[in-house]
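If you read the sequence shown in UniProt numbering, its first letter stands for residue 1, the second for the next number, and so on. Every residue, glycine too, gets a C-beta built ideally from N, C-alpha and C. Remarks on the structure that follows.
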Amino acid sequence: MDKHKKPEIWQKQRIEKGPDFKILQVRFDWLKHPRSQKELKRLIFEANDWVNIVATTQKDEIVVVKQFRFGVEKITTETPGGMVDQGEDSKTAAIRELREETGYTSSEWHYLGSVEPNPAFLNNICHFWHAKNAHQTEEMCPEEEEDIIVTTLTLDEIRHEIQAGNFRHSLAILALTKVFNVWDYPERKGEESYQTKDSK
1 MDKHKKPEIW QKQRIEKGPD FKILQVRFDW LKHPRSQKEL KRLIFEANDW VNIVATTQKD
61 EIVVVKQFRF GVEKITTETP GGMVDQGEDS KTAAIRELRE ETGYTSSEWH YLGSVEPNPA
121 FLNNICHFWH AKNAHQTEEM CPEEEEDIIV TTLTLDEIRH EIQAGNFRHS LAILALTKVF
181 NVWDYPERKG EESYQTKDSK
């Protein structure tokens, strides 16, 4: 095994546009396999970048939202977040999403970095922001298809929710780890303590 060896770049031969589903645009790329030279068709979802916000209050509580998620068909607990609109930068989007979803605002914003949510078929980036000393100054203004409950949790409560399998949004958990050690919890027993899809 050569640990210094790198995979080769697949050369794109042509592109086919697929359906537009509002939150993402389907694209099919035909690429040449670097070893076999065969052309293979690959599915790509073009999506706007996303933002996820860790908003902490003056009492060091964390702002979370609870809402029904259509994909998993259940109510989830998450940190606020959403899509970066066309022409927006990620900070502007984070400020807007926090205000719209929760009514909270902050004058102290700190960038926490970004990740690629799933580079296998998504072409976008998720940006993380920390809103410090956030306070609720405005009315919530959720989108028409959203029905959101806003609350705050302490760090210990967040840890308990994650350990119990009630807080499962991967990007929200990753955002929290940029600010807190969310895994340092005495009751955590390992993988057996987490719910699986089959155990619901």
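Of the listed residues the options, nearest to residue i (C-alpha basis)
{"i": "Thr151", "options": "Thr79, Gln25, His127, Phe180", "result": "Thr79"}
{"i": "Lys16", "options": "Arg27, Trp10, Ile23", "result": "Here the sequence assigns Glu to residue 16, which means Lys is not the residue at that position. The candidate whose alpha carbon is nearest that of Glu16 is Arg27."}
{"i": "Tyr111", "options": "Val179, Phe21, Ser170", "result": "Val179"}
{"i": "Arg159", "options": "Trp183, Leu24, Glu61, His4", "result": "Trp183"}
{"i": "Ala164", "options": "Thr77, Glu46, Glu61", "result": "Thr77"}
{"i": "Asn124", "options": "Asp85, His33, His4, Val72", "result": "Asp85"}
{"i": "Phe21", "options": "Thr92, Glu61, Trp109, Glu46", "result": "Glu46"}
{"i": "Gln37", "options": "Ile44, Val63, Gln58, Glu8", "result": "Glu8"}
{"i": "Ala55", "options": "Ala131, Met83, Glu161, Leu174", "result": "Ala131"}
{"i": "residue 206", "options": "Ala94, Lys74, Thr102, Ala93", "result": "This structure cannot speak to residue 206, because the chain is shown only from 1 to 200."}
{"i": "Phe121", "options": "Asp60, Leu43, Arg69, Val63", "result": "Leu43"}
{"i": "Ile62", "options": "Thr105, Thr154, Trp30", "result": "Thr154"}
{"i": "Asn133", "options": "Thr57, Gly18, Pro34, Leu24", "result": "Thr57"}
{"i": "Lys59", "options": "His135, Leu40, Arg168", "result": "His135"}
Per-residue DSSP class, three states only, for residue i
{"i": "Lys3", "result": "coil"}
{"i": "residue 206", "result": "This structure cannot settle anything about residue 206, because the visible part of the chain is limited to 1 through 200."}
{"i": "Arg14", "result": "strand"}
{"i": "Ala120", "result": "coil"}
{"i": "Gln86", "result": "coil"}
{"i": "Trp183", "result": "coil"}
{"i": "Ala55", "result": "strand"}
{"i": "Pro19", "result": "strand"}
{"i": "Asp156", "result": "helix"}
{"i": "Ile162", "result": "helix"}
Status (buried if at least 16 other CB within 10 Å, exposed otherwise) for residue i
{"i": "Trp129", "result": "buried"}
{"i": "Gly113", "result": "exposed"}
{"i": "Leu176", "result": "buried"}
{"i": "Cys141", "result": "exposed"}
{"i": "Ser170", "result": "exposed"}
{"i": "Ser107", "result": "exposed"}
{"i": "Gly82", "result": "buried"}
{"i": "Thr137", "result": "exposed"}
{"i": "Ala172", "result": "buried"}
{"i": "Ile149", "result": "exposed"}
{"i": "His127", "result": "buried"}
{"i": "Ile23", "result": "exposed"}
{"i": "Glu191", "result": "Low per-residue confidence applies at Glu191: pLDDT is 44, beneath 50, and the placement is therefore not dependable, though the value from the model is reported in the following sentence. So Glu191 counts as exposed."}
Extent of the continuous beta strand (DSSP E) run through residue i
{"i": "Thr152", "result": "149-153"}
{"i": "Phe128", "result": "126-132"}
{"i": "Phe45", "result": "39-46"}
{"i": "Leu31", "result": "25-32"}
{"i": "Val72", "result": "No beta strand (DSSP E) holds Val72; DSSP gives it neither H nor E."}
Boundaries (first-last residue) of the alpha helix (DSSP H) holding residue i
{"i": "Ile173", "result": "170-177"}
Validate contact between the stretch 91-111 and the stretch 38-57 using beta carbons, cut 8 Å, 3 pairs
Result yes; three or more Cβ-Cβ pairs closer than 8 Å.
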